[in-house]
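The numbering of the sequence shown is my numbering, which starts it at 14 and goes up by one.
Where a beta carbon is used, it is the ideal one built from N, C-alpha and C, also for glycine.
Every value quoted in this text rests on a predicted model; they were computed, and no experiment measured them.
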Amino acid sequence: MTADLRRKLLWLIAGRATVVTLLLGSAVLIEVRSPGAVWINPFLVLIGITYGLTAIYAVALKFAERHRWLVDVQLGCDAVIVSAIVLLTGGVSSYASTLYTFPIIAASVIESRRGGLMVGILSSLLYAGLVLMQYSGEGLLPWTLGDSRLLPQRDALFTVGLNVFGFIGVALLSGYLAEGLRRADERLVQASHQIADLQAFSQHVIDSLMSGLTTIDMDGTILTFNRAAEAITGTPAADAVGRSVTDVLQLQGNFAESLAAHEGRSRLPRVDYGFVRPDGRPIEVGLSTAPLITPRGESGFLVTFQDVTETRRRDREARVQQRLAAVGEMAAGIAHEIRNPLASMSGSIQILRQELPLTPDQSQLMDIVLRESERLNETIRSFLAYARPQRSGTSRFDVRQIITDTARLLQNNAELHESQEIVEDVPPGEVWYEADEGQFRQIVWNLATNGLRAMPDGGTLRLSVGRRENEGQRAELVIAVQDEGVGIAPEELDGIFQPFRGGFSKGTGLGLSIVHRIVSDYGGEVRVTSQPGQGTTVSVVLPYAEADTATRSTDLKVNNA
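What follows is the structure, encoded as structure tokens:
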């Protein structure tokens, strides 16, 4: 059963019981004050029948939806009971005829226009019938038929016509009002559903935004907090709503002052600032603010923000790439301008050293010139390797072999100290990759030599390689070099790939720049994590080509700092 029909029937049952109780009380009161004024015994019987029917109606309530005729029976019985009351109280001269309006109105409310009109016609027939019996059936009902207070027939006919007209009029009017109310309720329900759907759609749109969105009032108190805002800040909406936006978003203290409404206020600027999540992870947040305009005027602000950590990192890398590209072009140009004259100068010095009689001091000076010429030539060679890395040929090779060969060379290197240890960490199966093997050897060698130089007081240098399978993405090759050296300060991490930024006495300062250039040409990236005083891990991540994804996978063993 629908909740609306049940509610209406419950009101009908309760109203019926209330009216019957009032009638019983009135009859008893009249009998006490004026014995014999009413026929109390028939009243008691009638009221008892009504109470019994009310109990039956309450029991049959759960069947009314499937058997709607039960509702019609209730309304019809109400009209019959009213007719009995009218007959007991004088028939045509009874003032109780107005009670017919109650079942008519109840039928209109429950069954709309059809029910009201049906009970109105039934009430008219019953009323006309009992008046007809009252005037033509003398002796049949002695307590009314012999009543000397019967109206003249003309007056009785007028009274019947007036009441019948009133019954039909009440039925039509109440049915019209009930029908209008029902349609208004339907429109209201439909509008409520539309509003609820619109609100739900709006909430889905807001929660689907990739940017954090929060609304605040003029005092800076958070009113709403969408799902992306929860993800970015790590703060649930339940904890954020009702708090100050400066506390939740960790804004500067003068932020609230910039939001204060005043004439001539300039457009609120976009700000980027550091944010520390509850889990301790620092991120960079880009935040924009706009006034929230309603028909009543400015009532608050919309605050949108994003996690721009990765974007800022890519911007920094792009700037580094631009600087590296500029230096590369410069290197290509100066190589042709310097290398040939340098070779001529070096050759001339060697000839002069052999042909001229030189004192020991002069011979030492010649050696210095030759040595510095060779060092300058090596720098230019590194420049060319960085600016224009040449691929001698692409082949398929096992990257483990490069790790093993590099470790063996370092172990036999004169620069290796007794306190330094080289450790290989490679999987048991082959790690195939298709590229220029010489460039890969240069990558591993440059990273490994930098790692050794970063451990002047000794430590372990770990070289590792493996294949990493990312769910739903292309597999990746990871080469990692981990040292236990001096580490790199956070403010210096962004500049380590710039040329001539080397932090060691030996070398040209181009090792990491060359590595970065080669890896970028292969579509990979170099990831550096470091803790000052604890060491550095440099990971080279290279994607596999589509043709290589069918090669056998191996477990990745990379220790990330």
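Check: Any contact of the stretch 194-212 with the stretch 289-309, i.e. 3+ C-beta pairs under 8 Å?
Finding: no
Next item on the list: Specify the secondary structure class of residue 326 as computed by DSSP and reduced to three states.
Entry: helix
Checklist line | Exposure of residue 239, with buried meaning 16 or more beta-carbon neighbours within 10 Å | finding: buried
Check: What first and last residue would you give for the beta strand (DSSP E) that runs through residue 434?
Finding: 433-438
Notebook entry, point to check: Is the CB-CB distance between residue 412 and residue 300 below 8 Å?
Noted result: no
Notebook entry, point to check: Nearest-angstrom Cα distance between residue 90 and residue 236?
Noted result: 57 Å
Next item on the list: Just tell me which of 206, 105, 223, 135 has its CA closest to the CA of residue 175.
Entry: 105
Next item on the list: Give the straight-line distance between the Cα atoms of residue 137 and residue 196, rounded to the nearest whole angstrom.
Entry: 28 Å
Note to self: Restricting to Cα atoms, I'd like to know which of 206, 85, 147, 165 is closest to residue 128.
What the structure shows: 85
Notebook entry, point to check: How big is the Cα-Cα spacing for residue 537 and residue 464?
Noted result: 21 Å
Next item on the list: Report yes if the C-beta distance between residue 541 and residue 492 is below 8 Å; otherwise report no.
Entry: no
Item checked: Supposed close pair residue 438, residue 476 - CB separation, criterion 8 Å -> 7 Å
Check: Looking at the structure shown, is residue 376 part of a helix, part of a strand, or coil, going by DSSP?
Finding: helix
Note to self: Which residue marks the beginning of the alpha helix (DSSP H) containing residue 140, and which one marks its end?
What the structure shows: 114-149
Checklist line | Coarse secondary structure for residue 487, derived from DSSP in three states | finding: coil
Next item on the list: Look at the Cβ atom of residue 532, then the Cβ atom of residue 459, and state whether they are nearer than 8 Å.
Entry: no
Check: So which of 308, 298, 334, 327 has the shortest CA-CA distance to residue 511?
Finding: 334
Item checked: Residue range of the unbroken beta strand (DSSP E) whose run includes residue 298 -> 295-307
Notebook entry, point to check: Which term fits residue 31, buried or exposed, when burial requires 16 or more other beta carbons within 10 angstroms of its beta carbon?
Noted result: exposed
Next item on the list: For residue 475, write down the residues that DSSP places opposite it in a beta bridge.
Entry: 436, 495
Check: Would you call the CB atoms of residue 549 and residue 501 closer than 8 Å?
Finding: yes
Next item on the list: Evaluate residue 524 with the Cβ neighbour count: other Cβ atoms within 10 Å of its Cβ, from every protein chain shown; 16 or more gives buried, anything less gives exposed.
Entry: buried
Next item on the list: Report the partner residues of residue 448 according to the DSSP bridge assignment.
Entry: 408
Next item on the list: Using 10 angstroms around the beta-carbon of residue 309, count the other beta-carbons present and answer buried if the total reaches 16, otherwise exposed.
Entry: exposed
Note to self: I'd like to check one pair, residue 407 with residue 447: are the Cβ atoms closer than 8 Å?
What the structure shows: yes
Notebook entry, point to check: Assuming residue 187 and residue 107 make a contact with CB atoms under 8 Å, what is their CB distance in whole Å?
Noted result: Not quite, the Cβ-Cβ distance comes to about 22 Å (not below 8 Å), so this is no contact.
Notebook entry, point to check: Just to confirm, are residue 371 and residue 379 a CB contact at a threshold of 8 Å?
Noted result: yes
Checklist line | Reference residue 318; option with closest CA among 326, 284, 414, 213 | finding: 284
Notebook entry, point to check: What is the residue span of the beta strand (DSSP E) that residue 318 lies within?
Noted result: 310-320
Notebook entry, point to check: Taking Cβ to Cβ, would you say residue 132 is nearer than 8 Å to residue 88?
Noted result: yes
Notebook entry, point to check: From residue 567 to residue 556, what distance separates their C-alpha atoms?
Noted result: With a pLDDT of only 38 at residue 567, under 50, the local geometry of the prediction cannot be trusted, and no value is derived from it.
Note to self: With distance defined between alpha-carbon atoms, name the residue in 179, 241, 339 nearest to residue 224.
What the structure shows: 241
Notebook entry, point to check: What's the gap between the Cα of residue 315 and the Cα of residue 326?
Noted result: 27 Å
Check: Near residue 228, what residues of its chain come up, given a Cβ to Cβ distance below 8 Å and the 5 sequence neighbours on each side ignored?
Finding: 235, 236, 237, 305, 313, 314, 315, 316
Next item on the list: From the DSSP output, read off the bridge partner residues of residue 235.
Entry: 229
Margin query: Considering only the alpha carbon of each residue, which of 469, 97, 141, 183 lies closest to residue 428?
Written below: 469
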